[in-house]
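**Student:**
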């Protein structure tokens, strides 16, 4: 099956190097708990994914990813969240995205190797980017996270979120 992952220019070099390794899948917004996972959409457009408000444009590039439908870490969001996510968290995520969007969401609670990425499309410019792995990274590029550093990444990310909340941001 082909699913789409949207990302920023700043993240492309890290993805080219390590694959899709991290992302936050909230399970309890109130307790600030979640799982490490990668978000996907079955829809090729970035609207209604809840990607607005980030420091970087996470809707800039669309990666087409070939995934085995039998991959044990692949889950349709609406099925998985029903048993693993608090109702308050589901409501918050769905309201940020739009009424029909969650039915198109998928998550992988694992690592997606770069080889599974079969295409890259620059949404802003409306063109395919076949040589996306060779693009010169921007000065503010994110280095990417190797698979073995996933848990440390999550701890650091949650620490930053708690700090921002404490400062009222």
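Residue numbers (the numbering used here): 1 to 169.
The C-beta atom is built at its ideal place from N, Cα and C for all residues, glycine as well.
Roughly how many angstroms lie between the CA atoms of residue 80 and residue 168, to the nearest whole one?
**Tutor:** 32 angstroms
**Student:** Is the segment 19 to 26 close to the segment 110 to 122, with three or more CB pairs under 8 angstroms?
**Tutor:** In short, these stretches touch, since the Cβ pair count reaches three.
**Student:** So if DSSP puts residue 76 in a beta bridge, which residue, or which two residues, is it bridged to?
**Tutor:** Paired residues: 106.
**Student:** State the start and end residues of the unbroken alpha helix (DSSP H) segment that holds residue 91.
**Tutor:** 87 to 97
**Student:** Between which two residues does the alpha helix (DSSP H) containing residue 71 stretch?
**Tutor:** No alpha helix (DSSP H) holds residue 71; DSSP gives it neither H nor E.
**Student:** Inspect the CB distances between the segment 24 to 38 and the segment 99 to 113 and report whether three or more fall short of 8 angstroms.
**Tutor:** yes
**Student:** Inspect the CB distances between the segment 86 to 104 and the segment 129 to 136 and report whether three or more fall short of 8 angstroms.
**Tutor:** Output reads no: the segment 129 to 136 does not touch the segment 86 to 104.
**Student:** So, helix, strand or coil for residue 15, using DSSP?
**Tutor:** helix
**Student:** Hey, out of 162, 6, 47, whose CA is closest to residue 23's CA?
**Tutor:** 6
**Student:** Quick check on the DSSP output: the beta strand (DSSP E) that includes residue 165 runs from which residue to which?
**Tutor:** Counting along the chain, residue 165 falls outside any beta strand (DSSP E), though it belongs to the alpha helix (DSSP H) covering 150 to 166.
**Student:** In angstroms with no decimal places, state the Cα-to-Cα distance between residue 144 and residue 11.
**Tutor:** 7 angstroms
**Student:** Across which residues does DSSP place residue 62 in a beta bridge pair?
**Tutor:** 6, 121
**Student:** Going by alpha carbons, who is nearest to residue 135 out of 147, 121, 148, 146?
**Tutor:** 121
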